[in-house]
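These notes concern the structure reproduced below.
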Amino acid sequence: MVLASVLIVGAVVTSLLAPRLFRGLERTSASPVGLLYVWWSALAGVGLSAVVALGAVLVPDRDDGSTPAHRFLTGCWTALASSRLHLHLVAAVVLGAVLAVGLLRLGRRVRRSRRAARDRAETTIGLLEPAGDWEQGVLWVEHREPLVFTIGGRTRAIVATTGLRDRLSPAETDAVLAHERAHLSGRHHLQVLLAETLGATFPMLPLFRQAPVAVRRLIELAADDEAAGSVGADVVRRALVTVAARGRIGLPPAALGAAAAATELRLARLARPVRRPARPARLGEQACFVAAGALIPVVAGTGALAALALVSCL
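If you want the numbering used here, it's the 1-based position in the sequence shown plus 394.
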């Protein structure tokens with residue numbers, strides 16, 4: 395029961411407090427891709443903690459000569475949980491019901507969201523394609539305002555207005571298109587769709603509720619980094635200023651645009667030198683981010699339960 399308590403408490407604490415911590419990391423030099431890994435691994439860690447906690451509740455504790463710390467926490471739990479009720483059974487039923495309802499809601503919303511996103515993407519490209527011309531994988535549509543966006547899924551298209559080429563220099567236009575190609579290669583549309591689905595399924599948990607906005611913000615930062623690595627941060631920054639200032643048209647549903655989110659934060663990051671470590675270093679950094687995000691519920695639960703045990707038993 396101690397393991398279940400650690401995991402449940404850790405999942406709750408992580409869901410409540412982690413978003414503020416992650417938001418603070420965005421203003422550091424941490425890689426946006428790494429922060430995306432932190433978000434996704436923390437979300438997965440919370441879900442996995444709930445599943446493992448259910449298994450731990452269903453398996454009774456055994457006296458197997460565990461460590462003094464474990465026996466101390468077990469004794470404190472027994473003192474706190476002394477009751478005529480069969481707490482293991484009650485906890486298992488409640489946790490199992492919550493997980494079952496959550497998984498059913500998630501499955502239904504995933505199917506509905508994927509179908510809706512596919513229909514919107516096909517409708518959007520079907521309406522725009524007759525009015526535009528394809529050039530090197532970009533659909534150029536006649537319009538005076540500078541606008542560019544990508545459509546994901548099976549469509550996987552970049553749509554840009556002729557006003558974009560009129561307002562930007564060739565180098566700045568290349569920067570904007572590099573940003574949009576980074577969205578496609580990084581499967582950012584799928585990440586946004588999944589985050590929005592999780593947020594709609596578990597709106598009572600801040601970690602899940604705030605995930606869609608955070609993911610949208612981070613994928614823009616990640617795409618900026620990719621574009622800056624190709625054409626230079628100064629060029630990307632100038633292009634973003636122009637598109638953000640002149641592009642006033644709302645994006646079609648399920649589209650990602652060059653000036654869609656967090657413009658001030660993006661400009662501030664682009665004004666700093668872009669750190670691009672070698673590929674092995676990036677892989678190691680990303681692995682550390684994944685491990686850190688996944689372990690947050692365990693660390694938070696251990697700390698919170700230890701503090702509660704000390705307060706209750708000393």
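Cβ atoms here follow ideal geometry from the backbone N, Cα and C, with glycine treated the same way.
Where does residue i sit, in a helix, a strand or coil, going by DSSP?
i	result
G526	strand
L437	helix
L650	strand
A616	helix
L562	coil
L599	coil
L541	coil
A700	helix
T656	Reading off the sequence, residue 656 comes out as Ala, not Thr. Reduced to three states, the DSSP call for A656 is coil.
A424	coil
T555	strand
D458	Residue confidence for D458 is low, a pLDDT of 49 falling below 50, so the modelled location carries little weight; the figure read from the coordinates is stated next. D458: coil per DSSP, three-state reduction.
Out of the options, which has the shortest C-alpha to C-alpha gap to residue i?
i	options	result
R502	G697, E614, L592, M598	L592
L571	A515, V629, A681, E590	V629
G678	V406, V407, F416, G428	G428
E539	L558, V553, A525	L558
D568	R508, V625, P413	V625
G547	E529, H573, A510	A510
L411	A686, A633, P691, A616	P691
A565	F416, V446, A633, P600	A633
A622	Q680, V445, C682, R575	R575
L437	T549, A701, S563, L599	L599
S563	L587, R421, V637, V407	V637
Under the rule that 16 or more other beta-carbon atoms within 10 Å means buried, what is residue i, buried or exposed?
i	result
P597	exposed
V710	The chain is shown only over 395 to 708; residue 710 falls outside these bounds and no answer can be derived.
L448	buried
L612	buried
S409	buried
E536	exposed
G520	exposed
S435	buried
R561	buried
P413	buried
R660	buried
E620	buried
G531	exposed
E614	buried
L430	buried
V705	exposed
A701	exposed
A656	buried
A639	exposed
A551	buried
Between the C-alpha atoms of residue i and residue j, what's the straight-line distance to the nearest angstrom?
i	j	result
T517	L419	38 Å
E658	S423	15 Å
A662	R631	9 Å
A494	L442	13 Å
R603	R505	19 Å
R499	S507	12 Å
I545	T555	14 Å
A515	L541	17 Å
R666	A627	9 Å
R512	A589	16 Å
V693	V607	26 Å
V635	L401	45 Å
A405	L601	10 Å
H577	E529	19 Å
E523	L533	7 Å
A450	A491	15 Å
V684	D527	42 Å
G580	V445	29 Å
F416	A681	17 Å
T549	A525	17 Å
Please check the pair residue i and residue j, which I expect to be a contact at CB under 8 Å, by giving their CB distance rounded to whole angstroms.
i	j	result
A605	W433	6 Å
G496	T595	7 Å
L699	S399	6 Å
A617	H583	Incorrect: roughly 12 Å between the Cβ atoms, too far for contact.
G695	V396	Actually they do not touch by this definition, with Cβ atoms about 10 Å apart.
L664	F543	Contact flag wrong, Cβ pair sits at about 20 Å.
What do you reckon, is the C-beta of residue i under 7 Å from a heavy atom of the ligand GTP?
i	result
G697	Because no ligand of any kind appears in the structure shown, any question about the ligand GTP cannot be addressed here.
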